[in-house]
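Using the working numbering, read the sequence shown as starting at -8 and increasing by one per residue.
Take a look at the structure set out below.
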Amino acid sequence: MFGEIMKKYLKITGIIVIFMALVVFWGYNKFFTPDPEIEQQLNNQFGAGFFTSFDEVSASNNSGTVNDTKSVDLENKLDTSMLESMVEKAKDPEAGKNATASTSVNEGAVAKQIQDEINSKYKRQFDYLQNVALSRLDTLYSAAVQEYRQGNKAGTLKRSELVQKYIQAGTMLEANVDSQFYGALNMMQAELIENNLPTDIIGTKKSEYGNAKSSMRSQLLGKAGL
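Structure follows, in structure tokens:
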């Protein structure tokens, strides 16, 4: 009886080690050196695009500023409004005061519209990136469990090699997700600055990304039973 319990305990412990390797995906990768052979093995198994391809984000980033044309149109409208207000001021000082107030309101509405469009554009990119990252992390998780069980059943399991493999898989995926996220975030910041809009949301997005990593780390530990 005791022997059977110990066998189950060791089996669970072995799986936990693999799960802990996947936790590296969310930041614990400082002390591990990438192995080119393992990288090639992972690319052959999952496909190179599994770790590096995020088509929707890349396409959006390469397309440039989607608000360029609209911003120009809105600026033209503002210029026209300002010219009209100058004419009104020359005709009637009282009318000039009203025109100035109207122009300020228009500028505020235009700025809000542009900001909402930029926020919406990048929210779609960040949501897409998160969904892809979570899906691929689940794929790595399932593959690690399957390889562990198959190797353990066949008596060919090499725990250290399996752990090293999925540590590297996690760090490869993390590095590329980080690159995509911060690339998109930098472009978002550039668009906000270009349109003279506040950039407070950039810090918020960074915090949300860090919190998402922490949340996923907790979920992985939960799956491991820790």
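Ideal Cβ placement from N, Cα and C applies to all residues, glycine included.
Discussion item. Please classify Ile184 as buried or exposed, where buried requires at least 16 neighbouring CB atoms within 10 angstroms.
Written reply: exposed
Worksheet item: Alpha carbon to alpha carbon, what distance is there between Lys112 and Asp70?
Response: Residue placement at Asp70 cannot be trusted, given a pLDDT of 48 that sits under 50; what the coordinates show is reported in the next sentence. Spanning the two alpha carbons is a distance of roughly 26 Å.
Worksheet item: For the candidate residues Glu165, Tyr173 and Ser198, whose alpha-carbon lies nearest to that of Ala220?
Response: Residue numbering for the chain in the displayed model covers -8 to 217; residue 220 lies beyond these limits and cannot be assessed.
Worksheet item: How far does the alpha helix (DSSP H) with Ser151 in it reach, from first residue to last?
Response: Arg150 to Glu185
Practice prompt. Could you check which residue in Glu138, Leu120, Ala134 and Asn202 has the C-alpha nearest to that of Gln171?
Written response: Leu120
Fill in: Cβ neighbours of Ala160 in the same chain (closer than 7 Å, five flanking residues each side left out)
Leu33 and Leu131
Worksheet item: Taking buried to mean at least 16 other C-beta atoms within 10 Å of its own C-beta, is Ala162 buried or exposed?
Response: Reading off the sequence shown, one finds Thr at residue 162, where the question assumed Ala. When all chains shown are included, Thr162 counts as buried.
Worksheet item: Are there 16 or more other CB atoms within 10 angstroms of the CB of Glu182, so buried, or fewer, so exposed?
Response: With 16 or more other Cβ atoms within 10 Å, it is buried.
Worksheet entry | Separation of Lys144 from Glu138, as counted between CA atoms | Their Cα atoms are separated by approximately 10 Å.
Worksheet item: Taking Cβ to Cβ, would you say Thr43 is nearer than 9 Å to Asn167?
Response: Annotated as proximal: Thr43 and Asn167, with beta-carbon spacing under 9 Å.
Worksheet item: Given a threshold of 16 other Cβ atoms within 10 Å of its Cβ, counted over all protein chains shown, does Met135 qualify as buried or as exposed?
Response: Sequence check: residue 135 is Ala here, not Met. Answer is buried; the Cβ neighbour count reaches 16.
Item to complete: Note down the Cα distance separating Leu153 from Val101, rounded to an integer number of angstroms.
Response: 55 Å
Discussion item. Check this for me: beta carbons of Ile105 and Leu188, under 9 Å apart or not?
Written reply: yes
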